[in-house]
Amino acid sequence: MRIGIDLDDTICRTTEMVHNYLEIYSEKTHLNPLDIMNDEDLKEEFFDEYIGKIYEEVEIKRDAKKVLKRLKSKGNEIYIITARRDAITKDGKTILEITEEWLQKNDIIVNGIVLSSYGDKKAIICKKYLINIMIDDDPYNYKKISTIGIKCLLFDDREKYNLKEDYVTNWIDIEKYIERNR
Ligand SMILES: [Mg+2]
């Protein structure tokens, strides 16, 4: 099977790391975190400063590493399809380099990484890469991908959404679902 997987908040806990650095930035600038996120310029400044660190230091979600390893060892192909945009960070590394290094550090072997994919573009990439199943935490992506007839599971480990089907709350259930639907 060809499995497409989103990265941020699906494999790794990006929102938590953004909040950690937002706290730091907010103390440094004496600004309120909400005010930073609501102001386009401040938000850009914040991400310019910290995005490299966030992607480097972000923690992997529970069971993601072992499930991905098992899926790969059973002959599945794994493609990371993410909205992360490639850019050069403050430290001179590209987002792609940081992402590759992070995957390596976490012992995750993939067949490909596609950046800058969100919404309709993500759906087109899934089609182009002949993805059999996509896993994503964003309901907008879920909708766009499902609409073009590609199976998508909404990863919802914080139980924010109220979907009746096609949703999973943890990595063990993702594995079970893929095993059942091979
Ligand atoms: Mg995501």
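In this note's numbering, each number is its position in the sequence shown, counted from 1, plus 32. Note that CB positions come from ideal geometry on N, CA and C, so glycine has one too.
Nearest-angstrom beta carbon gap, residue j and residue i [assumed within contact, 8 Å]
i: Glu-76; j: Met-49; result: Not confirmed; about 18 Å, so no contact.
i: Cys-184; j: Asp-205; result: With a Cβ gap of about 15 Å, Cys-184 and Asp-205 do not count as contacting.
i: Cys-158; j: Ile-113; result: 7 Å
i: Ile-182; j: Ile-163; result: 6 Å
i: Glu-191; j: Arg-102; result: With a Cβ gap of about 25 Å, Glu-191 and Arg-102 do not count as contacting.
i: Lys-106; j: Asp-80; result: Lys-106 to Asp-80, Cβ: 41 Å. No contact.
Residue i and residue j closer than 8 Å at C-beta
i: Tyr-53; j: Tyr-82; result: yes
i: Tyr-161; j: Tyr-209; result: no
i: Lys-125; j: Gly-84; result: yes
i: Met-166; j: Asn-108; result: no
i: Asn-224; j: Asp-189; result: The requested residue 224 is not part of the displayed model; the chain covers only 33 to 214.
i: Glu-140; j: Leu-100; result: Looking at the sequence provided, one finds Ile at residue 140 rather than Glu. Yes, Cβ-Cβ distance for Ile-140 and Leu-100 is below 8 Å.
Own chain partners of residue i with C-beta closer than 8 Å, once the 5 adjacent residues on each side are dropped
i: Leu-116; result: For clarity, residue 116 is Arg in the given sequence; the question names Leu instead. The residues are Leu-39, Asp-40, Tyr-87, Ile-127, Thr-131, Leu-147, Ser-148.
i: Glu-55; result: Pro-65
Residue i burial status per 10 Å Cβ neighbour count (16 or more: buried)
i: Tyr-193; result: exposed
i: Ile-37; result: buried
i: Lys-196; result: exposed
i: Thr-42; result: buried
i: Lys-154; result: buried
i: Ile-120; result: exposed
Close Cβ partners of residue i (< 7 Å) along its chain, the five nearest in sequence each way excluded
i: Asn-64; result: Ser-58
i: Pro-171; result: Leu-186, Tyr-193
i: Val-142; result: Ile-110, Tyr-111, Ile-112, Leu-135
i: Ile-92; result: Ile-43, Cys-44, Asn-138
i: Thr-47; result: Asp-41
Close beta carbons around residue i, own chain, < 6 Å, minus the five adjacent residues each side
i: Phe-78; result: Tyr-57, Ile-68
i: Asp-118; result: Thr-126, Ile-127, Leu-128, Leu-147
i: His-51; result: none
i: Ile-35; result: Asn-108, Ile-110, Ile-165
i: Leu-74; result: Ile-68
Between the region 169-180 and the region 129-137, do three or more beta carbon pairs fall short of 8 Å? The region 169-180 and the region 129-137 do not touch, with fewer than 3 CB-CB distances between them shorter than 8 Å.
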